[in-house]
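If you count by full-length UniProt numbering, then the sequence shown holds residues 1 to 700, one letter each, in order. Each remark here refers to the structure printed beneath this line.
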Amino acid sequence: MRPSLLDPLFAPVTTLPGVGPKTAKALDKLLGDETRGARVVDLLFHLPVGGIDRRPSPTIIDAPIGGIATFSARVTEHRPPPPGKGKAPYRILVEDETGDVTLVFFHADVRHLLQTLPIGAYRIVSGKLELWEGMRQMVHPDRLLDPAQAATLPTIEPVYGLTEGVGPRVMARIAAAAAEKCPALPEWQDPAFLARSGFLPFLESVQALHHPADLKAVEGDTIARRRVAYDELLASQVALALVRRQQKKSAGRATAGDGRLRHAIASALPFTLTDGQRQALADIHADMEKPERMLRLLQGDVGSGKTVVALMAMAAAAEAGRQSVLMAPTEILARQHAERLAPLAQKAGLKLALLTGREKGPGRARVLGGLATGEIDIAVGTHALFQEGVAFRDLALAIVDEQHRFGVHQRLLLGSKGEAVDILVMTATPIPRTLSLTWFGDMDISILAEKPAGRQPIVTKAISSERHDEVVGAVGRAVDKGAQVYWVCPLVQESDTLDVAAAQERYDALREVFGDRVGLLHGQMPGRDKDAAMAAFVEGKTRILVSTTVIEVGVDVPNASVMVIEHAERFGLAQLHQLRGRIGRGSAASTCLLLYKGPLGPVAEARLTIMRETEDGFRIAEEDLRLRGEGEVLGTKQSGSPDWRVARPETDGDLLAAARDDARLLIERDPQLDSERGRAIRTLLYLFERDVAIRLLRAG
Ligand code: ADP
Ligand code: MG
Numbered sequence: 001m002r003p004s005l006l007d008p009l010f011a012p013v014t015t016l017p018g019v020g021p022k023t024a025k026a027l028d029k030l031l032g033d034e035t036r037g038a039r040v041v042d043l044l045f046h047l048p049v050g051g052i053d054r055r056p057s058p059t060i061i062d063a064p065i066g067g068i069a070t071f072s073a074r075v076t077e078h079r080p081p082p083p084g085k086g087k088a089p090y091r092i093l094v095e096d097e098t099g100d101v102t103l104v105f106f107h108a109d110v111r112h113l114l115q116t117l118p119i120g121a122y123r124i125v126s127g128k129l130e131l132w133e134g135m136r137q138m139v140h141p142d143r144l145l146d147p148a149q150a151a152t153l154p155t156i157e158p159v160y161g162l163t164e165g166v167g168p169r170v171m172a173r174i175a176a177a178a179a180e181k182c183p184a185l186p187e188w189q190d191p192a193f194l195a196r197s198g199f200l201p202f203l204e205s206v207q208a209l210h211h212p213a214d215l216k217a218v219e220g221d222t223i224a225r226r227r228v229a230y231d232e233l234l235a236s237q238v239a240l241a242l243v244r245r246q247q248k249k250s251a252g253r254a255t256a257g258d259g260r261l262r263h264a265i266a267s268a269l270p271f272t273l274t275d276g277q278r279q280a281l282a283d284i285h286a287d288m289e290k291p292e293r294m295l296r297l298l299q300g301d302v303g304s305g306k307t308v309v310a311l312m313a314m315a316a317a318a319e320a321g322r323q324s325v326l327m328a329p330t331e332i333l334a335r336q337h338a339e340r341l342a343p344l345a346q347k348a349g350l351k352l353a354l355l356t357g358r359e360k361g362p363g364r365a366r367v368l369g370g371l372a373t374g375e376i377d378i379a380v381g382t383h384a385l386f387q388e389g390v391a392f393r394d395l396a397l398a399i400v401d402e403q404h405r406f407g408v409h410q411r412l413l414l415g416s417k418g419e420a421v422d423i424l425v426m427t428a429t430p431i432p433r434t435l436s437l438t439w440f441g442d443m444d445i446s447i448l449a450e451k452p453a454g455r456q457p458i459v460t461k462a463i464s465s466e467r468h469d470e471v472v473g474a475v476g477r478a479v480d481k482g483a484q485v486y487w488v489c490p491l492v493q494e495s496d497t498l499d500v501a502a503a504q505e506r507y508d509a510l511r512e513v514f515g516d517r518v519g520l521l522h523g524q525m526p527g528r529d530k531d532a533a534m535a536a537f538v539e540g541k542t543r544i545l546v547s548t549t550v551i552e553v554g555v556d557v558p559n560a561s562v563m564v565i566e567h568a569e570r571f572g573l574a575q576l577h578q579l580r581g582r583i584g585r586g587s588a589a590s591t592c593l594l595l596y597k598g599p600l601g602p603v604a605e606a607r608l609t610i611m612r613e614t615e616d617g618f619r620i621a622e623e624d625l626r627l628r629g630e631g632e633v634l635g636t637k638q639s640g641s642p643d644w645r646v647a648r649p650e651t652d653g654d655l656l657a658a659a660r661d662d663a664r665l666l667i668e669r670d671p672q673l674d675s676e677r678g679r680a681i682r683t684l685l686y687l688f689e690r691d692v693a694i695r696l697l698r699a700g
């Protein structure tokens with residue numbers, strides 16, 4: 001149970017002074033989700049995105065023109081609009097011994113002005129100071145205070161992300177109120193670490209974040225944010241460490257083969273394995289042979305040859321008389337894997353079956369039967385593999401391809417189809433080290449660093465879409481020389497239907513030129529048509545495949561050596577890299593033409609430049625992280641992975657590494673979290689809502 005100490009923070013925002021149902025509703029939109037409304041804790045971590053400098057100038061003449069100025073002055077004159085010109089603004093003159101400023105009010109509430117700015121009164125005035133026909137003026141001052149209230153004006157006013165219905169002043173007030181509600185919490189950080197880092201207690205740190213002392217505190221970075229970021233990272237790393245410990249403990253089973261089937265497959269391959277593939281397989285087999293559950297990430301850039309590693313691992317399971325599944329994120333990819341792997345599996349005497357949402361009726365029943373009796377050794381499919389009604393005789397190994405399309409939830413589900421199933425996750429997204437620690441901190445990692453020998457570099461060019469006709473000409477020449485071409489159509493405003501229309505239109509136009517050598521593939525085609533389009537391209541019947549981004553993941557046609565990407569400026573770097581990875585797989589030199597429509601913004605220009613400069617997925621991922629943000633690199637924004645509230649993976653990498661070590665050590669020493677620090681850590685887990693991990697602890 002959540003410690004009651006945290007109750008004020010997990011109460012609805014309506015418990016804050018001045019937050020009624022209307023404001024609460026607006027805040028729900030900004031900070032709530034489908035399952036709950038906004039809570040005080042959400043406001044606590046809703047940190048300022050900037051600040052307004054309201055430090056007072058000593059006199060009017062010193063006050064900066066063109067920016068926010070704050071000064072004190074005496075009200076000397078009211079100038080109502082001339083009679084008959086009711087729409088003209090109401091003006092009030094204020095001055096000190098160095099000069100004067102005209103305060104300008106449109107649609108003025110005159111009675112209110114007479115009350116708040118009586119002639120002769122001294123006021124602190126703050127707002128945007130401008131020159132108008134040589135005179136200083138301020139239209140609608142932000143603040144007008146009695147000097148007696150001077151202390152209520154913060155020198156640096158925090159600026160928050162807003163939502164409709166909650167203005168800047170209200171947001172600042174209620175965020176401060178949320179910080180005020182925060183109780184003092186037991187210290188969960190190691191005292192020596194705190195002292196070394198110069199970190200203050202959590203409470204002081206969050207309050208400092210909402211009451212910035214200087215502009216640097218909101219525009220740059222502060223020790224206070226770093227402290228809270230470390231708290232957040234520690235919470236996530238402790239949670240991961242607990243899950244990992246649990247998974248290792250729930251006794252796995254040793255799966256040891258004799259190498260017989262692997263040998264048969266290796267001799268059927270038209271190539272020899274790379275050193276990286278060999279090493280990855282050694283890692284995987286070592287894991288499988290241990291009586292612990294494997295949880296391993298196989299990371300290899302597009303084209304690095306992960307599929308054959310998967311097959312060998314599945315063969316090892318079959319040698320031990322056990323079953324495996326290979327799960328792909330799309331129908332197309334599942335089919336392709338099955339088609340690719342079936343002949344190899346067959347040579348080794350393995351029975352492989354395909355199971356997707358499209359297998360129906362007797363065919364499906366046969367597969368389900370074969371899985372239940374153990375007659376089928378390897379099942380390749382989509383998430384349909386893990387639906388109810390699919391049972392295995394003895395599932396040893398689950399492999400997930402292109403992991404970034406799957407959520408954490410599926411990952412847990414995966415293991416539930418058998419007793420202590422070993423899990424291998426394969427991803428083509430090269431994940432920068434800082435990120436792999438946060439996202440896969442609970443996994444062991446094998447990396448395929450080099451590509452299979454004999455690959456030629458891809459020449460990448462950025463070409464203005466005005467030169468479309470030249471591109472069509474070049475594609476024609478390439479096709480005449482025997483090449484196959486992917487022609488990728490743009491994302492149109494993130495809309496599937498419009499994408500399809502664009503692809504259809506391009507297909508029609510290219511057919512006018514190249515006839516039936518052109519094929520079309522998009523996400524809205526019926527499954528059979530997709531298969532047929534893909535098959536025709538694989539067999540070389542079609543030479544140009546016009547498609548939407550459905551080919552992004554995994555598709556492998558070695559003879560395809562040209563790729564045209566329309567409106568390349570609309571794609572993210574990771575996506576461009578994934579797309580381009582579809583070519584350069586055979587022995588022919590490959591070309592990627594990035595068609596763009598100018599003028600390019602700076603980010604789009606940077607992306608295209610990086611694409612031209614490098615094929616190194618790691619460098620591309622790092623650059624992507626710099627240009628965009630974490631979620632988009634991993635493609636997780638849509639799939640609902642936890643976002644960081646305070647931590648910034650791009651700048652807090654050092655903290656992350658420290659948090660990981662700290663968490664591992666902590667769990668080693670105090671696996672039940674019942675030392676004094678352990679109990680404080682429980683509070684931390686609840687505070688950052690990583691508390692599912694607490695359920696894994698011994699009850700009580
Ligand atoms: P990815 O890692 O992107 O999934 P694939 O497994 O699809 O890559 O492999 C890409 C291509 O490289 C395939 O055509 C595959 O047959 C080939 N390949 C894999 N391993 C090797 C190797 N050791 N030597 C040569 N070609 C290989
Ligand atoms: Mg692949």
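Ideal Cβ positions, reconstructed from N, Cα and C, are used throughout, including at glycine.
Query                                                                                                        : Result
His140, buried or exposed, once every other Cβ within 10 Å from all chains shown has been counted against 16 : exposed
At least three beta-carbon pairs within less than 8 Å, the stretch 33 to 42 to the stretch 53 to 61          : no
Segments of 3+ residues assigned as beta strand (DSSP E) that fall wholly inside the stretch 72 to 106       : 90 to 96 and 99 to 105
Close Cβ partners of Ser641 (< 6 Å) along its chain, the five nearest in sequence each way excluded          : Low confidence applies to Ser641: its pLDDT is 35, below 50, so where it sits in the model is not reliable, and the reading given next is rough at best. Answer for Ser641: no residue qualifies.
Arg585 beta carbon near the ligand ADP (any heavy atom closer than 7 Å)                                      : yes
DSSP-derived helix/strand/coil call for Met443                                                               : coil
Environment of Gln672 [buried if 16+ CB atoms lie within 10 Å]                                               : exposed
Beta-carbon separation (whole angstroms), Leu593 vs Ile458, contact threshold 8 Å                            : Contact flag wrong, Cβ pair sits at about 11 Å.
Expected contact under 8 Å - CB spacing of Phe514 and Ile544 to nearest Å                                    : 6 Å
Segment limits, beta strand (DSSP E) that includes residue 720                                               : No answer is possible for residue 720: it lies beyond the span of the chain, which begins at 1 and ends at 700.
Between the CA atoms of Asp616 and Val485 - distance to the nearest angstrom                                 : 22 Å
Cβ-based neighbour list, Arg366, same chain, cut-off 7 Å, excluding 5 preceding and 5 following              : none
Beta-carbon proximity of Leu424 to Met294, cut-off 8 Å                                                       : yes
Cα-Cα separation, Arg123 to Ala73                                                                            : 6 Å
Rounded straight-line distance, which links the Cα of Asp556 to that of Glu512                               : 27 Å
Range of the contiguous alpha helix (DSSP H) that encloses Arg364                                            : Gly361 to Thr373
Heavy atom of the ligand ADP within 7 Å of Ser446 beta-carbon                                                : no
Under 8 Å between C-beta atoms of Met426 and Ile445                                                          : no
Asp275 beta carbon near the ligand ADP (any heavy atom closer than 7 Å)                                      : no
Candidates Ser267, Arg358 and Gly198: closest to Thr382 by CA position                                       : Arg358
Nearest neighbour of Asp301, chosen from Leu510, Arg580 and Leu240 [CA to CA]                                : Arg580
Heavy atom of the ligand ADP within 7 Å of Gly361 beta-carbon                                                : no
Delimiting residues of the beta strand (DSSP E) encompassing Gly540                                          : No beta strand (DSSP E) contains Gly540, which DSSP labels as neither H nor E.
Own chain, CB closer than 6 Å to Arg253, minus 5 neighbours either side, in chain order                      : Ala420
Rounded C-alpha distance that separates Ile447 from Phe392                                                   : 30 Å
Distance, Ala621 Cα to Leu350 Cα                                                                             : 38 Å
Same chain, Cβ closer than 7 Å to Leu261, five either side skipped, listed in chain order                    : Ala315, Ala318, Glu319, Ala348 and Leu350
Arg476, DSSP secondary structure in three states                                                             : According to the sequence as given, residue 476 is Gly; it is not Arg. Of the three classes helix, strand and coil, the one that applies to Gly476 here is helix, per DSSP.
Contact set for Arg517: own chain, Cβ-Cβ below 8 Å, skip 5 residues either direction                         : Val479, Thr542, Arg543 and Ile544
Exposed unless 16 or more other CB atoms sit within 10 angstroms - verdict on Pro64                          : exposed
Heavy atom of the ligand ADP within 7 Å of Lys306 beta-carbon                                                : yes
Assigned secondary structure, Gly165 (DSSP; H/G/I helix, E/B strand, else coil)                              : coil
Runs of alpha helix (DSSP H) wholly within the stretch 3 to 63 (minimum 4 residues, chain order)             : 7 to 10, 21 to 31 and 40 to 44
Contact test: Pro329 Cβ vs the ligand ADP heavy atom, cutoff 7 Å                                             : no
Val488 CB to nearest heavy atom of the ligand ADP below 7 Å                                                  : no
Contact test: Pro17 Cβ vs the ligand ADP heavy atom, cutoff 7 Å                                              : no
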